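Going letter by letter, the sequence shown gives residues 213 to 549 in this note's numbering. Every residue gets a Cβ at the ideal spot worked out from N, C-alpha and C, and that includes glycine. Since we're looking at a predicted model, the values are computed, not measured. A short write-up of the structure that comes next.
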Amino acid sequence: MEKDKVTEKQLEFLNRIKDLIPSNTSMVYELSALLDISTDSMYRRLRGETPLTFDEVVILCNHFKISFDSFINLESGNVTFNYTLMEEGENSFKKYLTSMRDDLRIIKATNQHLITYACEDIPIFHNINSFKLASFKMLYWMKAILNLPSLEDIKYDPSIVSEDLMALGQEIYNLYCSITSIEIWTDTTLTSTVKQIEFFWASGVFKSKEDAIEICESLYDSIKKIEKQAEAGTKMLDCNQSEENENNYSFYLSEIELTNNCVLVNLGNVKAVYIGHLTFNTMNTSNATYCHETEEWLNNIIRKSTLISKVSEKTRYQFFNGMYSYLDDVIEKIRNS
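The following block contains the structure:
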(Lines of atoms letter the chains of each structure in order from A; the text may use other names.)
(Lines give C-alpha, C1' and ligand atoms only; values in the text may rest on other atoms or scores of the structure.)
Protein backbone atom coordinates (compact mmCIF):
# COMPACT_ATOMS: atom_id res chain seq x y z
CA MET A 213 0.00 0.00 0.00
CA GLU A 214 1.36 3.41 -0.96
CA LYS A 215 2.52 5.74 1.83
CA ASP A 216 -0.24 8.28 1.17
CA LYS A 217 -2.83 5.53 1.34
CA VAL A 218 -1.37 4.25 4.62
CA THR A 219 -1.53 7.76 6.10
CA GLU A 220 -5.11 8.16 4.88
CA LYS A 221 -6.18 4.89 6.52
CA GLN A 222 -4.40 5.82 9.75
CA LEU A 223 -6.21 9.16 9.93
CA GLU A 224 -9.51 7.45 9.16
CA PHE A 225 -8.80 4.88 11.88
CA LEU A 226 -7.95 7.54 14.48
CA ASN A 227 -10.97 9.63 13.55
CA ARG A 228 -13.15 6.57 14.13
CA ILE A 229 -11.64 6.25 17.61
CA LYS A 230 -12.23 9.97 18.21
CA ASP A 231 -15.97 9.34 17.85
CA LEU A 232 -15.76 6.81 20.70
CA ILE A 233 -14.10 9.18 23.16
CA PRO A 234 -16.33 11.48 25.25
CA SER A 235 -16.21 15.11 24.10
CA ASN A 236 -15.02 16.25 27.53
CA THR A 237 -11.98 13.95 27.36
CA SER A 238 -8.68 14.85 25.70
CA MET A 239 -8.04 12.33 22.93
CA VAL A 240 -4.30 13.10 22.93
CA TYR A 241 -3.88 12.48 26.64
CA GLU A 242 -6.05 9.37 26.67
CA LEU A 243 -4.31 7.71 23.70
CA SER A 244 -0.81 8.71 24.76
CA ALA A 245 -1.44 7.13 28.17
CA LEU A 246 -2.94 4.03 26.57
CA LEU A 247 0.00 3.59 24.17
CA ASP A 248 2.58 4.72 26.76
CA ILE A 249 4.05 7.41 24.52
CA SER A 250 4.53 11.15 24.89
CA THR A 251 1.83 13.61 23.89
CA ASP A 252 4.15 14.97 21.18
CA SER A 253 4.47 11.46 19.72
CA MET A 254 0.71 11.09 19.82
CA TYR A 255 0.20 14.41 18.03
CA ARG A 256 2.52 13.23 15.25
CA ARG A 257 0.45 10.07 14.85
CA LEU A 258 -2.78 12.09 14.78
CA ARG A 259 -1.34 14.30 12.03
CA GLY A 260 -0.14 11.27 10.07
CA GLU A 261 3.51 12.27 10.36
CA THR A 262 4.41 9.10 12.28
CA PRO A 263 2.80 5.74 11.42
CA LEU A 264 1.17 3.68 14.12
CA THR A 265 3.07 0.50 14.90
CA PHE A 266 1.38 -2.87 14.59
CA ASP A 267 1.36 -3.25 18.38
CA GLU A 268 -0.25 0.17 18.77
CA VAL A 269 -3.01 -0.72 16.32
CA VAL A 270 -3.68 -3.95 18.25
CA ILE A 271 -3.85 -2.07 21.56
CA LEU A 272 -6.27 0.50 20.17
CA CYS A 273 -8.47 -2.09 18.47
CA ASN A 274 -8.67 -4.19 21.64
CA HIS A 275 -9.32 -1.22 23.91
CA PHE A 276 -12.03 0.38 21.76
CA LYS A 277 -13.31 -2.94 20.43
CA ILE A 278 -13.15 -2.11 16.74
CA SER A 279 -11.83 -4.23 13.89
CA PHE A 280 -9.10 -2.85 11.66
CA ASP A 281 -10.34 -4.79 8.65
CA SER A 282 -12.87 -1.98 8.17
CA PHE A 283 -10.03 0.28 7.02
CA ILE A 284 -8.15 -1.99 4.61
CA ASN A 285 -9.14 -3.62 1.34
CA LEU A 286 -9.92 -7.20 2.26
CA GLU A 287 -11.48 -9.65 -0.16
CA SER A 288 -15.25 -9.54 -0.15
CA GLY A 289 -16.76 -11.88 2.45
CA ASN A 290 -13.93 -11.68 4.98
CA VAL A 291 -15.06 -10.26 8.34
CA THR A 292 -13.18 -10.25 11.65
CA PHE A 293 -15.22 -10.80 14.82
CA ASN A 294 -14.29 -10.26 18.46
CA TYR A 295 -15.27 -13.07 20.79
CA THR A 296 -14.78 -13.57 24.54
CA LEU A 297 -13.98 -17.20 25.25
CA MET A 298 -16.07 -18.56 28.13
CA GLU A 299 -14.14 -20.83 30.45
CA GLU A 300 -15.15 -22.86 33.47
CA GLY A 301 -15.75 -20.89 36.64
CA GLU A 302 -17.83 -17.95 37.82
CA ASN A 303 -14.94 -15.57 37.07
CA SER A 304 -15.40 -16.22 33.35
CA PHE A 305 -19.08 -15.27 33.57
CA LYS A 306 -18.14 -12.18 35.57
CA LYS A 307 -15.66 -11.28 32.82
CA TYR A 308 -18.46 -11.64 30.26
CA LEU A 309 -20.75 -9.27 32.18
CA THR A 310 -17.89 -6.84 32.82
CA SER A 311 -17.16 -6.69 29.09
CA MET A 312 -20.84 -5.95 28.40
CA ARG A 313 -20.84 -3.19 31.02
CA ASP A 314 -17.68 -1.64 29.57
CA ASP A 315 -19.20 -1.65 26.06
CA LEU A 316 -22.31 0.11 27.36
CA ARG A 317 -20.17 2.70 29.13
CA ILE A 318 -18.43 3.51 25.85
CA ILE A 319 -21.77 3.71 24.02
CA LYS A 320 -23.31 5.99 26.65
CA ALA A 321 -20.28 8.31 26.63
CA THR A 322 -20.61 9.10 22.92
CA ASN A 323 -22.53 12.14 21.75
CA GLN A 324 -24.76 10.12 19.43
CA HIS A 325 -25.91 6.60 20.18
CA LEU A 326 -28.63 4.15 19.19
CA ILE A 327 -29.02 0.43 19.88
CA THR A 328 -31.29 -1.59 17.58
CA TYR A 329 -32.04 -5.04 19.01
CA ALA A 330 -33.73 -7.84 17.05
CA CYS A 331 -34.99 -10.01 19.90
CA GLU A 332 -35.22 -13.73 19.36
CA ASP A 333 -35.15 -13.89 23.18
CA ILE A 334 -35.89 -11.28 25.82
CA PRO A 335 -32.88 -8.91 25.83
CA ILE A 336 -30.48 -9.75 28.63
CA PHE A 337 -30.83 -6.22 30.04
CA HIS A 338 -34.42 -6.89 31.12
CA ASN A 339 -33.55 -10.30 32.58
CA ILE A 340 -30.89 -8.98 34.96
CA ASN A 341 -32.90 -6.12 36.43
CA SER A 342 -35.12 -8.12 38.79
CA PHE A 343 -33.22 -9.88 41.63
CA LYS A 344 -35.17 -13.14 41.45
CA LEU A 345 -35.27 -13.33 37.66
CA ALA A 346 -31.60 -12.32 37.42
CA SER A 347 -30.54 -14.99 39.90
CA PHE A 348 -32.50 -17.62 37.95
CA LYS A 349 -31.10 -16.58 34.56
CA MET A 350 -27.50 -16.41 35.81
CA LEU A 351 -27.78 -19.81 37.48
CA TYR A 352 -29.32 -21.26 34.31
CA TRP A 353 -26.52 -19.89 32.12
CA MET A 354 -23.77 -21.11 34.45
CA LYS A 355 -25.37 -24.49 35.24
CA ALA A 356 -27.14 -25.53 32.04
CA ILE A 357 -25.00 -23.80 29.39
CA LEU A 358 -21.50 -23.44 30.89
CA ASN A 359 -21.93 -26.72 32.81
CA LEU A 360 -19.91 -25.51 35.80
CA PRO A 361 -18.98 -28.64 37.84
CA SER A 362 -19.52 -26.77 41.11
CA LEU A 363 -23.21 -26.33 40.24
CA GLU A 364 -23.87 -29.85 38.97
CA ASP A 365 -25.96 -31.01 41.96
CA ILE A 366 -27.06 -27.57 43.15
CA LYS A 367 -30.74 -26.75 43.55
CA TYR A 368 -32.04 -23.29 42.67
CA ASP A 369 -31.32 -20.74 45.39
CA PRO A 370 -30.99 -16.99 44.72
CA SER A 371 -28.13 -16.75 47.22
CA ILE A 372 -25.94 -18.96 45.01
CA VAL A 373 -25.33 -16.05 42.64
CA SER A 374 -22.72 -13.73 44.11
CA GLU A 375 -23.44 -10.12 45.06
CA ASP A 376 -20.76 -9.02 42.57
CA LEU A 377 -22.65 -10.58 39.67
CA MET A 378 -25.95 -9.10 40.82
CA ALA A 379 -24.38 -5.64 41.15
CA LEU A 380 -22.92 -5.94 37.65
CA GLY A 381 -26.33 -6.92 36.32
CA GLN A 382 -27.97 -3.88 37.89
CA GLU A 383 -25.28 -1.56 36.53
CA ILE A 384 -25.74 -3.02 33.05
CA TYR A 385 -29.49 -2.43 33.23
CA ASN A 386 -29.04 1.15 34.44
CA LEU A 387 -26.65 1.88 31.58
CA TYR A 388 -29.05 0.37 29.04
CA CYS A 389 -31.85 2.58 30.38
CA SER A 390 -29.77 5.67 29.58
CA ILE A 391 -29.17 4.68 25.93
CA THR A 392 -31.69 5.27 23.13
CA SER A 393 -32.89 1.91 21.84
CA ILE A 394 -35.17 0.16 19.39
CA GLU A 395 -36.36 -3.35 20.27
CA ILE A 396 -38.02 -5.66 17.76
CA TRP A 397 -40.02 -8.48 19.36
CA THR A 398 -42.10 -11.33 17.95
CA ASP A 399 -44.83 -13.54 19.39
CA THR A 400 -42.14 -16.08 20.36
CA THR A 401 -39.63 -13.76 22.07
CA LEU A 402 -40.87 -14.85 25.50
CA THR A 403 -40.74 -18.56 24.71
CA SER A 404 -37.04 -19.23 25.41
CA THR A 405 -37.13 -17.95 29.01
CA VAL A 406 -40.32 -19.86 29.76
CA LYS A 407 -38.78 -23.05 28.35
CA GLN A 408 -35.77 -22.53 30.65
CA ILE A 409 -38.06 -22.32 33.67
CA GLU A 410 -39.91 -25.46 32.57
CA PHE A 411 -36.60 -27.26 32.01
CA PHE A 412 -35.39 -26.48 35.54
CA TRP A 413 -38.76 -27.60 36.91
CA ALA A 414 -38.82 -30.85 34.94
CA SER A 415 -35.17 -31.53 35.87
CA GLY A 416 -35.79 -31.11 39.59
CA VAL A 417 -33.54 -28.07 39.96
CA PHE A 418 -36.27 -26.13 41.78
CA LYS A 419 -36.72 -27.28 45.38
CA SER A 420 -40.46 -26.80 45.17
CA LYS A 421 -43.19 -25.77 42.76
CA GLU A 422 -43.46 -22.52 44.73
CA ASP A 423 -39.91 -21.61 43.66
CA ALA A 424 -40.75 -22.24 40.01
CA ILE A 425 -43.97 -20.25 40.25
CA GLU A 426 -42.09 -17.41 41.95
CA ILE A 427 -39.75 -17.10 38.95
CA CYS A 428 -42.73 -17.13 36.58
CA GLU A 429 -44.28 -14.32 38.60
CA SER A 430 -41.01 -12.39 38.53
CA LEU A 431 -40.93 -12.78 34.74
CA TYR A 432 -44.57 -11.62 34.69
CA ASP A 433 -43.58 -8.46 36.59
CA SER A 434 -40.66 -7.86 34.21
CA ILE A 435 -42.98 -8.05 31.18
CA LYS A 436 -45.37 -5.66 32.96
CA LYS A 437 -42.54 -3.15 33.28
CA ILE A 438 -41.59 -3.56 29.61
CA GLU A 439 -45.23 -2.93 28.67
CA LYS A 440 -45.24 0.24 30.75
CA GLN A 441 -42.03 1.40 29.06
CA ALA A 442 -43.53 0.67 25.64
CA GLU A 443 -46.64 2.65 26.55
CA ALA A 444 -44.52 5.65 27.59
CA GLY A 445 -41.83 5.25 24.92
CA THR A 446 -39.32 5.70 27.72
CA LYS A 447 -37.05 3.36 29.66
CA MET A 448 -37.65 3.39 33.39
CA LEU A 449 -35.76 2.68 36.58
CA ASP A 450 -38.03 1.08 39.20
CA CYS A 451 -41.08 1.84 37.02
CA ASN A 452 -40.47 5.60 37.37
CA GLN A 453 -40.14 7.69 34.23
CA SER A 454 -36.92 9.69 34.06
CA GLU A 455 -36.64 12.98 32.18
CA GLU A 456 -33.10 11.98 31.21
CA ASN A 457 -34.44 8.87 29.44
CA GLU A 458 -37.52 10.52 27.91
CA ASN A 459 -38.55 9.17 24.48
CA ASN A 460 -35.56 6.81 24.26
CA TYR A 461 -37.46 3.53 23.76
CA SER A 462 -39.14 2.29 20.57
CA PHE A 463 -40.86 -1.09 20.60
CA TYR A 464 -41.79 -2.89 17.37
CA LEU A 465 -43.80 -6.08 16.89
CA SER A 466 -42.62 -8.19 13.95
CA GLU A 467 -44.51 -10.98 12.22
CA ILE A 468 -41.27 -12.07 10.57
CA GLU A 469 -39.53 -14.80 12.57
CA LEU A 470 -36.19 -13.82 14.10
CA THR A 471 -33.80 -16.77 14.22
CA ASN A 472 -31.05 -15.13 16.27
CA ASN A 473 -30.41 -12.21 18.58
CA CYS A 474 -28.83 -9.38 16.60
CA VAL A 475 -27.78 -5.97 17.92
CA LEU A 476 -26.66 -2.97 15.87
CA VAL A 477 -24.90 -0.17 17.74
CA ASN A 478 -24.90 3.12 15.84
CA LEU A 479 -22.62 5.86 17.13
CA GLY A 480 -22.80 8.07 14.06
CA ASN A 481 -19.59 7.45 12.16
CA VAL A 482 -18.99 4.23 14.08
CA LYS A 483 -21.19 1.14 13.89
CA ALA A 484 -20.85 -2.29 15.46
CA VAL A 485 -22.86 -5.50 15.25
CA TYR A 486 -23.29 -8.06 18.03
CA ILE A 487 -24.78 -11.43 17.12
CA GLY A 488 -25.88 -14.24 19.42
CA HIS A 489 -23.53 -17.19 19.81
CA LEU A 490 -23.76 -20.30 22.03
CA THR A 491 -27.09 -19.36 23.64
CA PHE A 492 -26.18 -16.17 25.52
CA ASN A 493 -22.72 -15.23 24.32
CA THR A 494 -21.96 -12.78 21.51
CA MET A 495 -19.53 -12.10 18.71
CA ASN A 496 -19.07 -8.54 17.52
CA THR A 497 -17.52 -6.65 14.63
CA SER A 498 -17.25 -3.08 13.37
CA ASN A 499 -16.61 -4.16 9.77
CA ALA A 500 -18.25 -1.39 7.72
CA THR A 501 -19.72 -3.64 5.01
CA TYR A 502 -21.14 -6.13 7.49
CA CYS A 503 -22.60 -3.35 9.65
CA HIS A 504 -24.18 -1.70 6.61
CA GLU A 505 -25.80 -4.95 5.46
CA THR A 506 -27.06 -5.62 8.98
CA GLU A 507 -28.49 -2.12 9.22
CA GLU A 508 -30.32 -2.62 5.90
CA TRP A 509 -31.73 -5.94 7.13
CA LEU A 510 -32.91 -4.41 10.41
CA ASN A 511 -34.48 -1.44 8.61
CA ASN A 512 -36.34 -3.86 6.36
CA ILE A 513 -37.64 -5.77 9.41
CA ILE A 514 -38.73 -2.48 11.01
CA ARG A 515 -40.54 -1.37 7.85
CA LYS A 516 -42.57 -4.58 7.95
CA SER A 517 -43.21 -4.38 11.71
CA THR A 518 -45.79 -2.51 13.79
CA LEU A 519 -44.66 0.23 16.15
CA ILE A 520 -46.53 -0.33 19.43
CA SER A 521 -44.69 2.09 21.72
CA LYS A 522 -46.75 5.24 22.45
CA VAL A 523 -49.13 4.28 19.61
CA SER A 524 -51.23 1.26 18.48
CA GLU A 525 -52.76 0.82 21.94
CA LYS A 526 -55.04 -2.02 20.84
CA THR A 527 -52.23 -4.04 19.23
CA ARG A 528 -49.95 -3.39 22.22
CA TYR A 529 -52.65 -4.59 24.63
CA GLN A 530 -53.31 -7.74 22.61
CA PHE A 531 -49.60 -8.56 22.33
CA PHE A 532 -48.79 -8.22 26.02
CA ASN A 533 -52.06 -9.83 27.09
CA GLY A 534 -51.08 -12.85 24.99
CA MET A 535 -47.82 -13.15 26.93
CA TYR A 536 -49.62 -12.88 30.27
CA SER A 537 -52.03 -15.63 29.23
CA TYR A 538 -49.08 -17.81 28.20
CA LEU A 539 -47.43 -17.31 31.60
CA ASP A 540 -50.71 -17.95 33.41
CA ASP A 541 -50.99 -21.30 31.62
CA VAL A 542 -47.43 -22.23 32.60
CA ILE A 543 -48.03 -21.27 36.24
CA GLU A 544 -51.23 -23.32 36.29
CA LYS A 545 -49.41 -26.27 34.71
CA ILE A 546 -46.70 -26.19 37.40
CA ARG A 547 -49.23 -25.68 40.20
CA ASN A 548 -51.24 -28.72 39.12
CA SER A 549 -48.27 -30.99 38.35
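{"Asked": "Does the structure place the stretch 357-376 close enough to the stretch 465-477 that three or more beta carbon pairs sit under 8 Å?", "Found": "no"}
{"Asked": "With the cut-off set at 8 Å, would you say residue 229 and residue 276 are in Cβ contact?", "Found": "yes"}
{"Asked": "Quick test of the definition: if touching needs 3 or more C-beta pairs under 8 Å, does the stretch 315-324 touch the stretch 340-349?", "Found": "no"}
{"Asked": "When the Cα of residue 422 is compared with those of 383, 433 and 368, which residue comes out closest?", "Found": "368"}
{"Asked": "The beta strand (DSSP E) spanning residue 474 covers which residue range?", "Found": "474-478"}
{"Asked": "Report yes if the CB atom of residue 329 is closer than 8 Å to the CB atom of residue 395, and no otherwise.", "Found": "yes"}
{"Asked": "Taking buried to mean at least 16 other C-beta atoms within 10 Å of its own C-beta, is residue 515 buried or exposed?", "Found": "exposed"}
{"Asked": "Please report the distance separating the alpha-carbon of residue 526 from that of residue 486.", "Found": "32 Å"}
{"Asked": "What is the rounded straight-line gap between the Cα of residue 428 and the Cα of residue 539?", "Found": "7 Å"}
{"Asked": "Express the C-alpha separation of residue 390 and residue 459 in angstroms, rounding to a whole number.", "Found": "11 Å"}
{"Asked": "By DSSP, does residue 418 sit in helix, in strand, or in coil?", "Found": "coil"}
{"Asked": "Cutting at 6 Å between CB atoms, please list the residues of its own chain near residue 412, excluding the five before and the five after it.", "Found": "418"}
{"Asked": "Using a Cβ-Cβ cut-off of 7 Å (strictly less than) and excluding sequence neighbours within five positions of residue 436, which residues of its own chain qualify?", "Found": "none"}
{"Asked": "One question on the structure: do residue 307 and residue 377 come within less than 8 Å of each other, judged by their Cβ atoms?", "Found": "no"}
{"Asked": "Going by C-alpha to C-alpha distance, which of 503, 499, 475 and 502 sits closest to residue 493?", "Found": "475"}
{"Asked": "Alpha carbon to alpha carbon, how far is residue 463 from residue 406? Give it in angstroms, no decimals.", "Found": "21 Å"}
{"Asked": "Near residue 503, which residues of its chain fall below 6 Å by C-beta distance, leaving aside the five closest residues on each side in sequence?", "Found": "483 and 485"}
{"Asked": "Could you give the DSSP three-state label for residue 505: helix, strand or coil?", "Found": "helix"}
{"Asked": "Can you tell me the Cα-Cα spacing of residue 249 and residue 332, whole angstroms?", "Found": "45 Å"}
{"Asked": "Please say whether residue 510 and residue 231 have beta carbons closer to each other than 8 Å?", "Found": "no"}
{"Asked": "Residue 523 by DSSP, collapsed to three states: which one?", "Found": "coil"}
{"Asked": "Which same chain residues end up closer than 7 Å to residue 243 when comparing Cβ atoms and leaving out the 5 residues on each side of it in sequence?", "Found": "254"}
{"Asked": "State the DSSP-derived secondary structure class of residue 447, mapped to helix, strand or coil.", "Found": "coil"}
{"Asked": "If distances are taken between C-alpha atoms only, which option among 398, 449, 410 and 495 comes closest to residue 528?", "Found": "398"}
{"Asked": "Could you tell me the boundaries of the alpha helix (DSSP H) in which residue 325 lies?", "Found": "Neither: residue 325 is in no alpha helix (DSSP H) and is coded neither H nor E."}
{"Asked": "What is the DSSP secondary structure of residue 395, reduced to helix, strand or coil?", "Found": "strand"}
{"Asked": "Restricting to runs no shorter than 4 residues, where is the alpha helix (DSSP H) found entirely within the stretch 328-413?", "Found": "336-339, 343-352 and 375-389"}
{"Asked": "Quick check on residue 506: buried or exposed, where buried means 16 or more other Cβ atoms within 10 Å of its Cβ?", "Found": "buried"}
{"Asked": "Across which residues does DSSP place residue 266 in a beta bridge pair?", "Found": "Bridge partners of residue 266: none, in fact."}
{"Asked": "Do residue 247 and residue 278 have their C-beta atoms closer together than 8 Å?", "Found": "no"}
{"Asked": "DSSP state of residue 485, grouped into three classes?", "Found": "strand"}
{"Asked": "Which first and last residues belong to the alpha helix (DSSP H) in which residue 244 is found?", "Found": "239-247"}
{"Asked": "For residue 532, which residues in the same chain have their Cβ closer than 7 Å to its Cβ, ignoring the five residues on either side in sequence?", "Found": "435 and 439"}
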